[in-house]
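Working notes for the structure below.
2 protein chains.
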Amino acid sequence: MTHDTAGTAAAPLAPELVARYHRDGYVLLPPGSLAGDLLDVALDELPSILAADDPGRVLERDGRTVRSVYGLHRTNPAIAALTRRPALLGAVRGLLDDDVYVHQSKVNIKAPFAGDQWEWHQDYVYWLTGDGIRRPDLVNVAVFLDEVTEFNGPLTFVPGSHTAGLLASTDADGMPLGYEDAPAWVATLTADEKFRVRHCVIEELARANGLVSPKGPAGSVLVFHPNILHCSAANISPLRRAMLMFVYNSVANRPEVTGLRPDFLADPEPVALQPI
Amino acid sequence: MTHDTAGTAAAPLAPELVARYHRDGYVLLPPGSLAGDLLDVALDELPSILAADDPGRVLERDGRTVRSVYGLHRTNPAIAALTRRPALLGAVRGLLDDDVYVHQSKVNIKAPFAGDQWEWHQDYVYWLTGDGIRRPDLVNVAVFLDEVTEFNGPLTFVPGSHTAGLLASTDADGMPLGYEDAPAWVATLTADEKFRVRHCVIEELARANGLVSPKGPAGSVLVFHPNILHCSAANISPLRRAMLMFVYNSVANRPEVTGLRPDFLADPEPVALQPI
Chain A
0 MTHDTAGTAA APLAPELVAR YHRDGYVLLP PGSLAGDLLD VALDELPSIL AADDPGRVLE
60 RDGRTVRSVY GLHRTNPAIA ALTRRPALLG AVRGLLDDDV YVHQSKVNIK APFAGDQWEW
120 HQDYVYWLTG DGIRRPDLVN VAVFLDEVTE FNGPLTFVPG SHTAGLLAST DADGMPLGYE
180 DAPAWVATLT ADEKFRVRHC VIEELARANG LVSPKGPAGS VLVFHPNILH CSAANISPLR
240 RAMLMFVYNS VANRPEVTGL RPDFLADPEP VALQPI
Chain B
0 MTHDTAGTAA APLAPELVAR YHRDGYVLLP PGSLAGDLLD VALDELPSIL AADDPGRVLE
60 RDGRTVRSVY GLHRTNPAIA ALTRRPALLG AVRGLLDDDV YVHQSKVNIK APFAGDQWEW
120 HQDYVYWLTG DGIRRPDLVN VAVFLDEVTE FNGPLTFVPG SHTAGLLAST DADGMPLGYE
180 DAPAWVATLT ADEKFRVRHC VIEELARANG LVSPKGPAGS VLVFHPNILH CSAANISPLR
240 RAMLMFVYNS VANRPEVTGL RPDFLADPEP VALQPI
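Respectively, the protein sequence lines represent chains A and B. Start counting the first sequence at 0; every next residue gets the next number (numbering that gives the first Met the number 0). Start counting the second sequence at 0; every next residue gets the next number (numbering that gives the first Met the number 0).
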């Protein structure tokens, strides 16, 4: 196995980055550090991804603006190949200490003036309750497709909150405003989170640990824990904030519930990925 | 006249601050630079201001959370006295080169988790069309009553945009969602701005001039031009972002239309203020 800075080897992250991930629940890597072509390939594919009338496409409350497109690792061969880039796979395998596959992938757009907020939530509760994934042995990898600034709705984390375990306490009933006629799984993908964390819990954690919004140029890669408490504000700026996101799961942590959610939300073929 | 750093003299701002105000459309002053007791007095008065069932009180879309309370310089003697602090009055007189009075005052709350956004707008168009104020010879003075951070919905400016003149082009009809039964003037005080600036104009100005969100500890004073293009995001953080705002007008620029809007939106007694 060769180890080089261009990221052709499936090597784990440096020990200090691994330690920081486990302490803070996230690490932000500069452009090019995991795979040099992540940004270019994703930007090349983006127009056709957004244009396709795909069942994995979710619109904003306005019924026009694209909010997210799910299942890209299943529908787009170029994106599927990106999920197997050696350095990316090596980093994730190292964090989970196992072989991995992509349980979910998506692009979140946050259009200028229109991209809506994502309320405070943890990701893992959806995979536990929706797909029967027993342990939070998953890793989120978000590739910035635009520069992320304080103005265009960056992800906001409570650092270290992943160590607090499952915080969600409310399972909101019914469908969110504007999505009344949509299938039930849409309730997990809108600005109104299905599982809510009590405000006093968020406040207590934020006062103790602070808040942080990782920012950086397009091509930066944000790796974060499925139990980190996070949100993001609406984008009322004139600048887009698109992100490509891969959710890797340990193959030993396969879903125990299958077939309940669409394939583009829960991959039905959890097979260990090999680097290419 | 004595000049001292405690701000007991009605002196203008330093020439470099005046130049920056005219170039950028705003200046941010550190706590204590205009009047040492602005913050303490305002925080002392805040609980009773928020509790009073006053006609100048505006709620958020949720119908519960206080968004703003208007007319404080008319209803609250302690706040009225603050508007006449010598250094504050001296700074504003210097910027407008005239005697001044308070045309409007308010506190904007931005409650934790609930404070809604303010869309992109310029302030002056409301005073021109609503009150017949012929020239943009007004100055906004915002006193931070909480620390303002990137997380709690800071004001966001396009610096220098005040030099572009009046940008608003759309006069939205009807009442915003959630305020259908309210009096017509409420339409000028909600998250949905009555006068909208075209998105292409905002984008062009932001790409040319950038964006800036002045931040600072409680007690900081943000002085800004009535024609600067600005907005602020919703506050989805657990931390409040309250601001006390005074809109000073030149006495030579008195409204030519009176009696159309409530006293708490347009002061009916434009009399030159004397420092106390």
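Each residue gets a CB set at the ideal place from its N, CA and C atoms; glycine is no exception.
For alanine 80 of chain B, there are no neighbours in chain A by C-beta distance under 8 angstroms, as the nearest C-beta there is about 34 angstroms away. For alanine 232 of chain A, the residues of chain B that pass the 9 angstroms Cβ criterion are Gln116, Phe150, Gly152, Ala232, Ala233, Asn234, Ile235, Ser236, in the order they occur in the chain. Under the 10 Å beta carbon count, cysteine 199 of chain A is surrounded by fewer than 16 other beta carbons and is classified as exposed. For leucine 210 of chain A, the chain B residues whose C-beta falls within less than 7 angstroms of its own C-beta are Phe150, Ser236, listed in chain order. When the alpha-carbon of tyrosine 69 of chain A is set against those of A/Arg83, A/Pro216, A/Lys193, A/Ile48, the nearest one is in A/Ile48. For alanine 41 of chain B, the enclosing alpha helix (DSSP H) covers residues 37-50. Around the beta carbon of arginine 22 of chain A, a 10 Å sphere encloses fewer than 16 other beta carbons of the protein chains shown; the residue is thus reported as exposed.
Linking aspartate 122 of chain A to valine 57 of chain B through their CA atoms gives a straight-line distance of about 36 angstroms. By the Cβ neighbour-count rule, aspartate 266 of chain B is buried, with 16 or more other Cβ atoms within 10 Å of its own. Out of A/Gly131, A/Glu118, A/Gly24, A/Leu27, the CA that lies nearest to the CA of leucine 259 of chain A is found in A/Gly131. His198, Ile201, Glu202, Ala205: these are the residues of the region 196-209 of chain A whose beta carbon lies less than 7 angstroms from some beta carbon of chain B, given in chain order. Per DSSP, threonine 155 of chain A is one residue of the beta strand (DSSP E) stretching across 154-156. Closest by C-alpha distance to cysteine 230 of chain B, out of B/Tyr247, B/Leu210, B/Pro216, B/Val246, is B/Leu210.
One Cα belongs to asparagine 234 of chain A, the other to isoleucine 108 of chain A, and the distance between them is close to 10 angstroms. Where histidine 21 of chain A is concerned, the enclosing alpha helix (DSSP H) starts and stops at 14-23. In the three-state reduction of the DSSP assignment, glutamate 118 of chain A falls in the strand class, which pools E and B. Shown in chain order are the members of the region 109-136 of chain B whose Cβ falls below 8 angstroms from a Cβ of chain A: Pro111, Phe112, Gln116, Glu118, Trp119. With respect to chain B, the C-beta atom of threonine 74 of chain A has no partner C-beta closer than 8 angstroms. In the DSSP assignment, arginine 92 of chain B falls within the alpha helix (DSSP H) that extends over 85-95. Listed in chain order, the positions of the region 34-66 of chain A with a beta carbon within less than 7 angstroms of a beta carbon of chain B would be empty, since no residue qualifies. Put simply, the CB of threonine 155 of chain A is near chain B, with a gap under 8 angstroms to one of its CB atoms.
Within the model, the alpha-carbon separation for leucine 95 of chain B versus leucine 144 of chain B is close to 25 angstroms. With fewer than three CB-CB distances shorter than 8 angstroms, the region 133-141 of chain A does not count as touching the region 112-119 of chain A. Under the DSSP assignment, valine 246 of chain A falls in the beta strand (DSSP E) whose first and last residues are 242-249.
Here the alpha carbons of alanine 205 of chain B and alanine 79 of chain B stand approximately 36 angstroms from one another. DSSP, reduced to helix, strand and coil, places serine 160 of chain B within a helical segment of the structure shown. In this structure, the beta-carbon distance from glutamate 202 of chain B to proline 237 of chain A falls below 8 angstroms. Note on valine 220 of chain A: 16 or more other CB atoms within 10 angstroms of its CB, so buried under the neighbour-count rule. Note that the C-beta distance between valine 270 of chain A and tyrosine 100 of chain A is below 8 angstroms. If the five residues before and after valine 26 of chain B are omitted, its C-beta is found closer than 6 angstroms to the C-beta atoms of Leu16, Arg19, Tyr20, Val222, all from its own chain and listed in chain order.
Selection B/Leu127, B/Ser67, B/Leu33 evaluated against asparagine 248 of chain B yields B/Leu127 as nearest (Cα-Cα). Looking at the DSSP output, cysteine 230 of chain A bridges to A/Thr155.
With contacts defined by Cβ atoms closer than 8 angstroms, alanine 13 of chain B and glycine 89 of chain B do not form a contacting pair.
DSSP, read as helix, strand or coil, puts valine 68 of chain B in strand.
Here tyrosine 125 of chain A is not bridged, per DSSP, to any residue.
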